[in-house]
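K.L.:
Residue numbers (the working numbering): 7 to 419.
(1) CA-CA distance, residue 302 and residue 366?
(2) Runs of 4 residues minimum, wholly inside the region 248-317: which ones carry the alpha helix (DSSP H) assignment?
(3) Residue 179 lies in the beta strand (DSSP E); which residues open and close that run?
(4) Is it buried or exposed, residue 126, if we count other Cβ atoms within 10 angstroms and call 16 or more buried?
(5) Roughly how many whole angstroms lie between the Cα atoms of residue 380 and residue 121?
(6) From residue 223 to residue 385, what does the alpha carbon distance come to, in whole angstroms?
(7) Any chance you could list the beta strand (DSSP E) runs of at least 3 consecutive residues sitting entirely within the region 367-397, in chain order?
(8) Can you tell me whether residue 127 is helix, strand or coil according to DSSP?
(9) In whole angstroms, give me the CA-to-CA distance for residue 212 and residue 334.
(10) Where does residue 365 fall in DSSP's three states?
(11) I'd like to check one pair, residue 394 with residue 172: are the Cβ atoms closer than 9 Å?
(12) How long is the line joining the alpha carbons of residue 195 and residue 370, rounded to whole angstroms?
(13) Look up residue 147 in the DSSP assignment and say whether it is helix, strand or coil.
(14) What's the C-alpha gap between residue 344 and residue 197?
(15) Within 10 Å of its beta-carbon, does residue 128 have 16 or more other beta-carbons around it, so buried, or fewer, so exposed?
(16) Please classify residue 23 as buried or exposed, where buried requires at least 16 neighbouring CB atoms within 10 angstroms.
(17) Counting C-beta neighbours from all protein chains within 10 Å, is the total for residue 32 16 or more, i.e. buried, or is it exposed?
(18) At which residues does the beta strand (DSSP E) containing residue 186 begin and terminate?
(19) Label residue 220 either buried or exposed according to how many other C-beta atoms from any shown protein chain fall within 10 Å of its C-beta, with 16 as the threshold for buried.
(20) Which residues in the same chain as residue 250 place their Cβ atom closer than 8 Å to its Cβ, once the five residues preceding and following it in sequence are excluded?
(21) Please return the same chain residues whose Cβ sits closer than 7 Å to the Cβ of residue 310, not counting the five positions on each side in sequence.
(22) Can you give me the Cβ contacts of residue 162 inside the same chain, cut-off strictly under 6 Å, excluding the 5 residues immediately before and after it?
(23) Please work out which residues of its chain come closer than 7 Å, Cβ to Cβ, to residue 318, disregarding the five sequence neighbours upstream and downstream, and give them in chain order.
(24) Along the chain, where does the beta strand (DSSP E) containing residue 341 start, and where does it finish?
(25) Where DSSP assigns a beta bridge to residue 135, which residues make up the other side?
(26) Taking Cβ positions, are residue 235 and residue 262 nearer each other than 9 Å?
(27) Using only alpha-carbon positions, find the residue among 375, 342, 227 that is nearest to residue 361.
(28) To the nearest angstrom, report how far apart residue 409 and residue 268 are at their CA atoms.
(29) Using only alpha-carbon positions, find the residue among 389, 368, 418 that is nearest to residue 396.
(30) Starting from the C-beta of residue 392, find all residues in its chain whose C-beta is less than 6 Å away, skip the five residues before and the five after it, and write them out in chain order.
(31) Out of 363, 332, 170, 244, which one is the CA nearest neighbour of residue 346?
(32) Whose C-alpha, out of 340, 272, 417, 190, is nearest the C-alpha of residue 215?
(33) Assuming residue 314 contacts residue 305 under a Cβ cut-off of 8 Å, what Cβ separation, rounded to an integer in Å, is found between them?
(34) What do you reckon, are the CB atoms on residue 243 and residue 228 nearer than 9 Å?
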């Protein structure tokens, strides 16, 4: 038997393997080419979809800074917000640098002559009103009495520990239950503007009886000039006012010029004080009173009152409005928009509490008094007077004492 040549067999096997490898390589290359083509086609379709969905962003990623800055200026309807802001800012900065506004404005502006004609007074579109109802007390009366004793102790502790630089007087009246509590409430004090509550009660009583016409015209003259007055700061002599307008300034701005004009229309001072004294007169406002200030110095003079008297005026106003709202509506409207700062606003700030306050400030004698009707969870009257060296210090003490009172009221509901 004849056997095949081994050399021939090896050569044939080698040729066979070479052809098979070449075929595999060709097939793999064709597959890779096919995959690349499919990938390119897929990306092309995505790009087309991207152009349709986000036409404004096509080419943004490859744009240069110069391409953005050299782009044609768009029409006004197409101007982006960012471009407008940058241009406006640039123009403003240029005007600030190149223009001297103060001198030119002063030279070009001519002083206008005051219009002395009387101006119509605009009443509030929505009048002030006390709450019609109040939340129920949730603690028994015996516990309330205990809480009230605790409040007085807290107030006394605060005054003893933190008010060594001041003399403090405090009085609280619950206008629905007649609950009261005081510390030094009968001691004399300088009420200053807080005594306006008594004056304005009498003024509106006279308006109610027809003795005073709230729309009578008066002229602002040198006879009624004063310091720290809204009227004197904003008007010249010769300006005509309605008494109604002056009543607003006297209450909302503590304006002493407005108050003095009103007092001149309310009859003699003796009759005025007699009517006021009928409401409350523990400390006679007209008589000279001797007392000691926080530094131990003796003070003496008329024009003094007490927290007890001031609280009685507030209580009179509250009950008077309840019984005859028409008589005192304007007064409550005016005090509800008072521009005078108050320490009560930080202590009673729940968003529903209404504060009607009259403030007095005497920097010469360093006495500061703030009295208020606070209409919150319960209607109350509060009088706090602080004799100290600083007005700001008095505001802090008033706010702290009022906060303790506010916590007491909250604990009852």
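Every residue gets a Cβ at the ideal spot worked out from N, C-alpha and C, and that includes glycine.
P.N.:
Walking through what the data contain:
(1) 22 Å
(2) 249-258, 262-270, 275-283
(3) 173-180
(4) exposed
(5) 39 Å
(6) 37 Å
(7) 373-381, 385-393
(8) coil
(9) 11 Å
(10) strand
(11) yes
(12) 13 Å
(13) helix
(14) 17 Å
(15) exposed
(16) exposed
(17) exposed
(18) 186-189
(19) buried
(20) 127, 220, 221, 336
(21) 194, 195, 196, 289, 291, 295
(22) none
(23) 285, 286
(24) Element bounds for residue 341: not the beta strand (DSSP E) but the alpha helix (DSSP H), 331-342.
(25) BP columns for residue 135 are empty, so no partner.
(26) yes
(27) 342
(28) 35 Å
(29) 368
(30) 172, 174, 374, 400, 403
(31) 363
(32) 272
(33) Not confirmed; about 19 Å, so no contact.
(34) yes
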